[in-house]
Every structure is written in C-alpha cells, then in structure tokens.
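Engineer: For what it's worth, this note's numbering labels the leading residue of the sequence shown as 150, then goes sequentially.
We treat Cβ as the ideally placed atom computed from N, Cα and C, and that holds for glycine.
After the structure tokens below, expect a handful of questions from me.
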Amino acid sequence: MSITFNRTTWIRLAAIVLILAFSVFLFFIGRQHTVLVDNKTITVNGTEVKALQLVEVQVNKLDALELAARDRDKFEVTGQTHEVKVVYTDSNWEEHVITRKFKIPLMQDMVMILIPALVADAQADQSVWLENYEPPTYAMTAAPAEETVITDDLAGLITEL
C-alpha cells in the first residue's frame, strides 16, 4: 500500500495542523489562574517589611479590592500576562500608584502577590513580590480507639456488692 500525496491529502494535513495550532493557542489564552493578593508583614532578604494600613489593589481590569493590614483576597484571571495596580497613601498623606506587569508560569494554578514587598521596591524583579502558592495539605488524624458499647440499659446500674 502506498500513500499518494495528491491535492486532497495535502488539504487534510493542512487542516489537521491548523486545528492543532489553534487548540494550542486557545490553551495558552484560556488557562485560568488564581492570583492571591496578600497584605501581611513579611521578611524580604533579611529585612522586615510592614503591612500597609490600607491599600487598593486591582488586577487587569477587574474590580479593585481594598485590603487592610493582614488581609488576603483573590482574583480569578485567564491568560499568562497580567497587570497589577496598587494604590496606597503614605504617612505624609501622599497617594502613590504602582503598576507592574507580571507573567504567570504556564502550569501554576495559584500565585501570590506580596503587596508590602512590591511597595517596598517597585522596580524589583517579579520573583521578589510574586511567588507560587501551594494550598496547605491537612494531616489526617488517627481514628479514635473503639469504645465498648453497652447495649443493656440496666448494665450501667448494676454495681458490685
């Protein structure tokens, strides 16, 4: 049996390649991620960075969230490249706006933006203020030892003489 490459075969091969390329493209732009924004006191390179009293965070064009100190919230986003906008007021009542773009690695489901680290050094590499987040796994507790079950109502009333 020999395969002949006539016009129909070439059209079918081109259609298969086109469908595969389109499906890979859709996978990249349709991948959903969870972006956590965290406003807690952290340690970066040996120095402690305090949480902001009140900060407004927006990822892409989604609704902005206000976070107080020790707050954490999330955004559900699709795609690989995103933009975070942080608006806060310093101790002199001056409003500051920080806007940064970041890219989420393909197979990571959740990432966390550390707001105090981003505010402390806005020009730092994204690895300083963006980290992979692994949800905690809860340890299984051992089942309690079996207790003896009393089936006779009067057995609890009988005492030794």
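For A266, count neighbouring C-beta atoms within 10 Å of its own C-beta (all shown protein chains included) and say buried if the count is 16 or more, exposed if not.
Structural biologist: With 16 or more Cβ atoms within 10 Å of its Cβ, A266 is classed as buried.
Engineer: State yes or no: is the C-beta of M261 within less than 8 Å of the C-beta of D212?
Structural biologist: In this structure, D212 does not lie closer than 8 Å to M261 by Cβ.
Engineer: Count the other C-beta atoms from every protein chain shown that fall within 10 angstroms of the C-beta of Y287, then say buried if there are 16 or more, exposed otherwise.
Structural biologist: Exposed: under 16 other Cβ atoms inside 10 Å.
Engineer: Going by other Cβ atoms of all chains shown within 10 Å of its Cβ, with 16 needed for buried, is V173 buried or exposed?
Structural biologist: The residue in question, V173, is exposed, as its Cβ has fewer than 16 Cβ neighbours within 10 Å.
Engineer: Roughly how many angstroms separate the alpha carbons of V206 and V233, rounded to a whole number?
Structural biologist: About 7 Å.
Engineer: What is the DSSP secondary structure of I160, counted as helix, strand or coil?
Structural biologist: Three-state result, I160: helix.
Engineer: Is the CB-CB distance between T248 and R180 below 8 Å?
Structural biologist: Not in contact: T248 and R180 (Cβ atoms no closer than 8 Å).
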